[in-house]
Each structure stands twice: as C-alpha cells, then as structure tokens.
Amino acid sequence: MALHWLIALAVLGQIAFGWYLQLIPRGVPDRTVFVNFHKSTGLVIGLLIVLRLAWRLTHTPPPLPESMPAWERSAARVNHVLLYVCMLIMPIAGYTASNFSKFGVKFFNAVTLPPWGVDDRDIYALFNGCT
C-alpha cells in the first residue's frame, strides 16, 4: 500500500513539476538542471511503476464487492489496466524523446546517459507530445 501511495504522490508531483518547467524560459542555464531533474525523477518513477506492476501481477487483489453491478466491476478493471498503461507510456516516451535530442539524460545532474538516437527534432517532438 505504501508503494501505491508513494507512486501516486510522485506522479502528481511530476505532473506539477512539468507544468512548472514550462514557466522557465528556454536558454536560461538553470532550466537544464531542472529539466534533467525532471527526467531523472521520471526514470525513477518509471522503475517504481514497473516494481509495483510486478508486485500486482504476483499478488491477487481483494475482490470487488459483489454488490457492484458487473459493468462497474468491468469498468474498474479496464480503468486500472489503462492507468497502468498510461503510467508506463509516460516515462518510456520521455526517455525515448530525450534520446532523440543532443542532450540525452544527465541522471540527477551527475551521471550522463548519452543519447542512443540521432538528434532529430521531429522524432523528439513526436515522443514529447509537441507535434
């Protein structure tokens, strides 16, 4: 349960931090530090989500109440699956986008993960949702 809420708070914090990043003008030196921190925390959150998903697949959740209509139980299951898909796609898309720029990822502004893709603004924009 702790991992569940840790991820929930981390995802909400990451979204808020992403909105904050849009307020920092491009070309300002501090922006690079903040962007790399956003990338780094996104990778950590992505890893936590994978761990949570592995735990979830190996531990059966409690059943939904029988008093719920069948369509609500189905909707809850579909919603859960879609939420996991979204939580996995976001860090994968961000990491992939970073690898199609000349910057790559500087993990917590200490360890450089050089980009493995070419510097292509169109591919970067596609994975970054800027098309």
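Take 7 as the starting number for the sequence shown in this note's numbering and just add one per residue. Don't be surprised by glycine CBs; every beta carbon is placed ideally from N, CA and C.
Ends of the alpha helix (DSSP H) at residue i?
i	result
V17	A8 to L27
V84	A76 to S104
V39	P35 to T64
D127	The question names Asp, but residue 127 is Arg in the sequence shown. Note, R127: alpha helix (DSSP H), R127 to N134.
Going by alpha carbons, who is nearest to residue i out of the options?
i	options	result
P97	N134, F106 and R58	N134
A103	M93, N85, L94 and L132	L132
P120	V87, A60 and N105	N105
L27	T38, R62 and T64	T38
H10	A116, Y130 and I51	I51
D128	N115, S107 and W122	S107
F40	W25, L53 and L54	W25
Which same chain residues, not among the five before or five after residue i, have their C-beta less than 7 Å away from its C-beta?
i	result
K112	N42 and T118
S59	Here residue 59 turns out to be Leu, not Ser, going by the sequence shown. Y90, listed in sequence order.
V17	I51 and M93
Do we get a CB-CB distance below 8 Å when we pair residue i with the residues of chain B?
i	result
G19	Of the protein chains in this structure there is only one, and it is not chain B.
My output table needs one value for residue i: the three-state DSSP class, helix, strand or coil.
i	result
T118	strand
If I follow the unbroken beta strand (DSSP E) through residue i, where does it start and stop?
i	result
F109	That residue, F109, is in no beta strand (DSSP E); it is neither H nor E in DSSP.
Who are the Cβ neighbours of residue i in its own chain at under 8 Å, not counting the five residues just before and after it?
i	result
D125	F106, S107 and K108
P31	R37
R79	L70
Here's a check: name, in chain order, each residue in its chain whose Cβ is nearer than 6 Å to the Cβ of residue i, leaving out the five neighbours to either side.
i	result
L54	I13
S46	F113 and F114
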